[in-house]
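Please read the structure below before turning to the comments.
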Amino acid sequence: MNSIYQNYSAVIICTFGWICYLINDLLIKHLSVTFSSVQLNFFNFSFGLIPFFIFLYYKGGFKNLRTKNYKIQILSSLIRLLTTICFFYAISTLPLAELYSVFFSIPIFVSLLSIILLKEKISFKTVVYIFIGFVGVLIIFRPGFKEFSPGLYVALLAVSAYSLLHILVRKHSNTESPIAFTFYQISLAIIVTGILTFFVFGFKSYTMSQLILNFICGILHIGAILSLMIAYQMAEAHKLAYVQYIQIFLGFILGYLIFNEVPGIFIYLGCSLILISVTFIVKEAKNSRL
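Under the numbering used here, residues 91 to 380 are what the sequence shown spells out, in order.
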């Protein structure tokens, strides 16, 4: 009974996390009309320290920040920073449906990188599903048949970087805590984006309402990261994998209702293939653990 309750709790917390991400994305899309992705990232991560330190307090304090490998922490932080800046830029240029379709391919890239970097063995079925997923990605990009879109390729870079980060964190999960990874990623992001905002690109002033929105984004962004961290500690990954579907479906709907974005037939087709691919990759991963 306790196990069932824990799984249901994990699903609720995971759902909350993905909805936080979705609301954050909607607000960032609105703010990115005026502000650069670098400045938005600086304030996002800075305000995000508030929920992080509250979480850290309830988890036992600064002892959770100890690390045995600063090089890995710096590397993971740089990759996280690249991912977030690219993602924020992609939000500003792409319809939500198109962006989420590309980002939903992360499990496909993670599976591929697991073979290359971790030397993991996978079934022939998984290889087929990875191929189907990449066909879906190609349909969305349609190189040579569609007008060049920098945002799409920046989104693809973000997907590749995030997938690499996933592999890196997984490889060192026995020696480095998720809380430590999160803290160093936030800290380095604040330092780098702060320098870029105030000394390179130039700071652009906020109105009070814009600052409040960026504050909310910061709380939601780090709140989402912490929620997913808690959820995945409470339940196995395959039991939570399908919860993210909520984000992509709501992204399609809200993109239309709020930003009047109407996805084309190729987005629906590519997204469908990616969803099919990811669904069966997760299912195969679950079966391989049984």
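C-beta atoms are modelled at their ideal positions from N, C-alpha and C, and glycine is treated no differently.
Of the residues assessed, residue 147 falls on the exposed side of the cut-off, its CB having fewer than 16 other CB atoms within 10 angstroms. Contact between the segment 151 to 166 and the segment 341 to 349 is not established, with fewer than three Cβ pairs separated by less than 8 Å. Apart from sequence neighbours up to five positions away, the residues of its chain that approach residue 188 with a beta-carbon distance below 6 Å are 357, ordered along the chain. If you keep only unbroken alpha helix (DSSP H) runs of at least 4 residues inside the segment 121 to 208, you get 127 to 148, 160 to 183, 186 to 193 and 196 to 207. Residue 260 carries a helical assignment under DSSP once its states are collapsed to helix, strand and coil. The residues 195, in chain order, have a CB closer than 6 Å to that of residue 227 in the same chain once the five nearest residues on each side in sequence are set aside.
Residue 129 counts as buried, since no fewer than 16 other beta carbons sit within 10 angstroms of its beta carbon. When secondary structure is reduced to three states using DSSP, residue 352 falls in the coil class, being assigned neither helix nor strand.
Between residue 191 and residue 364, the C-beta spacing is below 9 Å. Residue 214 sits exposed, since fewer than 16 C-beta atoms from the chains shown fall within 10 Å of its C-beta.
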